[in-house]
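Enquirer: Quick one: this structure, given as structure tokens, is what I'll be asking you about.
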Amino acid sequence: MRVLLVGAGGVGTAVTRIAARRPFFELMVVADYDPARAEAAVAALGADGDRFRAERVDAGDEAQVAALLERHSCDVLLNATDPRFVMPLFRAARAGGAAYLDMAMSLSRPHGERPYEECGVKLGDEQFAQSAAWEEAGLLALVGMGVEPGLSDVFARYAADELFDEIEEIGVRDGADLTVDGYNFAPSFNIWTTIEECLNPPVVYEKDRGWFTTEPFSEPEVFDFPEGIGPVECVNVEHEEVLLVPRWVDARRVTFKYGLGREFTDTLRTLHLLGLDRTEPVTVPGPDGPVKVSPRDVVAACLPDPATLGDRMRGKTCAGTWVRGTKDGAPREVYLYHVVDNQWSMSEYGCQAVVWQTAVNPVVALELLAAGAWSGAGVLGPEAFPAGPFLDLLTAYGSPWGLREQ
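So the sequence shown is residues 2 to 407, counted in the numbering used here.
Below you can see the structure in the form of structure tokens.
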């Protein structure tokens, strides 16, 4: 397997460090708009970096990306950029005759008149609209293959296949007890993506109603997370699982709730109130005259890069899928989860817990594709594949998952 990895930020760098220990690929080209980032990611691998090459690429330039795929004879593109670049990279992969993996899907657009009741353009709609073309080309686009979405969707498929006869509700629940020394506000993941998913109208799925939206941060609940994290207040947030799971798993209700904490949600509400979550450029004075800048990009530039926070972070992060239904005629409720301790991920890989947990899952998926354990054509989510091989291989990577009866 020859891989083009686009994006050498925190998650992309973690991908290289995880993949370097595995023998399943021949070459991984690490490409970024900033060539210094790509070169640094490869250089950090030392003697393990002989199967890696650094390149510069503009993720928004489809022709340039397709040419890079061709130049290195890559047969798969792994997208580790933010969601703005999903569609150009998705199209470039098909144009270049390569398979495609991402960890976040094409962006949504709220309903013009009833944003907190009805869906407008949903996450992934633009990608699923092209599924037939991918299938006709005999190519696979495996979408939403990070941790959430990704591993959480694998858990949903495992629950349906192995643990339940009927499923009443699937609820992805994400929480952590992470702190960052020296910062009052320092998100552990890309702030651009965090703002996008937290301030957009959350989507809920009900079998009798289909997909619909609610107010941001709706339906708060306290969820008790395992391995010492404990109770965390979780709220509805827009996320891909709600759009993916019902396509392959039969459940009466699907939700996604994120353990953000009151201080975090209040900060996001303030950014929205001030218009600092906007992506449309505004004109501001500059030393050489007026310049146009995106307020959200300014917020991102003012905050520390999450990839650099590992040495200051303490605690654990938990991603998981709560499932309620029946087995053999009796009620059952379980939580399937994956916990990463920041101290472990930093000492073992030099990566903070959140980016490492995101990065390990697409590497596992690539290895399954290389081995033929997963295969297919069209635009498919993680639920379209058997869960057992993935969970077994994740454990073999030294990062086991857990199951708690509720």
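Ideal placement from N, C-alpha and C gives every residue a C-beta, glycine not left out.
1. Classify Y184: buried if its beta carbon has 16 or more other beta carbons within 10 angstroms, exposed otherwise.
2. Go to A142, then tell me how far its beta strand (DSSP E) extends in each direction, as first and last residue.
3. Measuring alpha carbon to alpha carbon, tell me which of P217, T215, E216 and N237 ends up nearest V223.
4. Name the DSSP bridge partner or partners of C235?
5. Which residues does DSSP list as the beta-bridge partners of T322?
6. Do R18 and C352 count as a contact pair if the criterion is CB distance below 8 Å?
7. State the Cα-Cα distance for the pair I168 and E27, rounded to the nearest angstrom.
8. With which residues is W212 paired in a DSSP beta bridge?
9. On a CA-only basis, which of D35, R270, V31 and R325 is nearest G50? Give me that one, please.
10. Please classify E220 as buried or exposed, where buried requires at least 16 other C-beta atoms within 10 Å of its C-beta.
11. For F257, does the count of other Cβ atoms within 10 angstroms reach 16, so buried, or fall short, so exposed?
12. What are the boundary residues of the alpha helix (DSSP H) that V66 is part of?
13. Can you tell me whether P307 is buried or exposed? The criterion is at least 16 other CB atoms within 10 Å of its CB, across all chains shown.
14. Within 10 angstroms of the Cβ of A9, are there 16 or more other Cβ atoms? Answer buried if so, exposed if not.
15. Counting pairs of beta carbons, one from the segment 317-330 and one from the segment 196-212, are three or more of them closer than 8 Å?
16. Would you list, in sequence order, the uninterrupted alpha helix (DSSP H) runs of no fewer than 4 residues that lie entirely inside the segment 109-160?
17. Do E56 and L69 count as a contact pair if the criterion is CB distance below 8 Å?
18. Any contact of the segment 250-270 with the segment 279-290, i.e. 3+ C-beta pairs under 8 Å?
19. Does the segment 361-371 touch the segment 74-81, meaning 3 or more C-beta pairs lie closer than 8 Å?
Expert: For this structure:
1. exposed
2. L141 to L143
3. N237
4. E222
5. V173 and L337
6. yes
7. 41 Å
8. Y206
9. V31
10. exposed
11. buried
12. E63 to R72
13. buried
14. buried
15. no
16. 126-129, 132-137 and 152-159
17. yes
18. no
19. yes
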